Amino acid sequence: MNSSATTLDNGVTREDGRYALPLTVNIDLPPGYRPSSDEEYMNPRHLAYFRNKLRQWREQLVEESRQTMENLRDEVRDVGDEAERATRETENSLELRTRDRYRKLISKIDKALRRIEEGRYGYCEETDEEIGLERLDARPIATLSLDAQERREHLQKQMGD
Numbered sequence: 001m002n003s004s005a006t007t008l009d010n011g012v013t014r015e016d017g018r019y020a021l022p023l024t025v026n027i028d029l030p031p032g033y034r035p036s037s038d039e040e041y042m043n044p045r046h047l048a049y050f051r052n053k054l055r056q057w058r059e060q061l062v063e064e065s066r067q068t069m070e071n072l073r074d075e076v077r078d079v080g081d082e083a084e085r086a087t088r089e090t091e092n093s094l095e096l097r098t099r100d101r102y103r104k105l106i107s108k109i110d111k112a113l114r115r116i117e118e119g120r121y122g123y124c125e126e127t128d129e130e131i132g133l134e135r136l137d138a139r140p141i142a143t144l145s146l147d148a149q150e151r152r153e154h155l156q157k158q159m160g161d
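Residue 93 in UniProt numbering is what sits at position 93 of the sequence shown, and the numbering runs on without skipping anything.
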C-alpha cells in the first residue's frame with residue numbers, strides 16, 4: 001500500500017485519509033464546541049477537542065496527586081495511640097493506591113495524546129475501525145471499539161473461568 005502524507009495550511013498533517021495534530025498546532029474551537037457525527041470523523045476540530053479534554057483531565061490528576069503527596073508529607077507522624085496510627089496507615093495506603101491509579105491513568109492519557117499527534121486517535125487498535133465519538137467522549141483514553149472491547153472482555157472471562 002502506498003502511503004502519502006500531506007501537510008495542510010494549518011500545520012495539520014493528513015496521511016491515508018487520517019488527520020494528525022502535531023503538538024505545535026493549535027486549533028481554536030468555538031465556545032461549547034462538541035464533536036458531531038455530521039462532521040468528518042476525527043477531523044482537526046475533533047482532534048483538538050479531544051486533545052483539550054485529555055490535557056484538562058491530565059492536569060486535574062496531576063494536581064490531585066500533588067495534593068495527596070502534600071497531605072501525606074504534612075501529616076503529623078507521631079500519632080498517639082495504636083488505633084489512631086492504624087487508621088492513619090489505612091488512609092495513607094488508600095491515598096497511595098489512588099495515586100498509583102492516577103499514575104496509570106496519566107500514562108494512558110499520554111499515550112492517547114501521542115495517538116492524536118500520530119493520526120491514530122479514534123481508531124481501534126485491533127480492527128482499525130472507528131471507535132466512535134460517544135465512546136471517546138465518555139472514555140477519551142479508549143483504544144478499542146465497543147465490539148473489540150466486548151470480545152476482549154468475553155475472552156478474559158473465558159480464560160478466568
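We treat Cβ as the ideally placed atom computed from N, Cα and C, and that holds for glycine. In this text, all values refer to a predicted model and were calculated from it rather than measured experimentally.
Give me the residue from Lys157, Ile116 and Tyr123 with the minimum Cα distance to Ser26.
First, the amino acid is wrong: residue 26 is Asn here, not Ser. It is Ile116 whose Cα lies nearest to the Cα of Asn26.
Buried/exposed call for Pro44, threshold 16 Cβ in 10 Å
buried
Assuming contact is defined by CB atoms lying nearer than 7 Å, are Ile106 and Leu54 in contact in what I supplied?
Cβ atoms of Ile106 and Leu54: not closer than 7 Å.
Rounded straight-line distance, which links the Cα of Ala142 to that of Cys124
8 Å
Gly132 versus Pro35, Asn71, Tyr102 and Asp28, residue with shortest Cα-Cα distance:
Pro35
When DSSP labels each residue in this structure, what does Arg120 get in the three-state scheme?
coil
Would you identify the three-state DSSP class for Pro35, choosing helix, strand or coil?
coil
I need the boundaries of the beta strand (DSSP E) containing Glu15, first residue and last residue.
That run of the beta strand (DSSP E) goes Thr13 to Glu15.
Under DSSP, the beta strand (DSSP E) around Arg139 begins and ends at which residues?
Counting along the chain, Arg139 falls outside any beta strand (DSSP E), and DSSP gives it neither H nor E.
How is the beta strand (DSSP E) around Tyr19 delimited, first residue to last?
Arg18 to Ala20
Let me confirm a value: Pro140 is counted as buried when at least 16 other C-beta atoms fall within 10 Å, else exposed. Which label applies?
buried
Since Arg73 and Met42 are thought to touch, with beta carbons under 8 Å apart, how far apart are those beta carbons, to the nearest angstrom?
Going by Cβ atoms, the distance from Arg73 to Met42 rounds to 42 Å, so no, they are not a contact pair.
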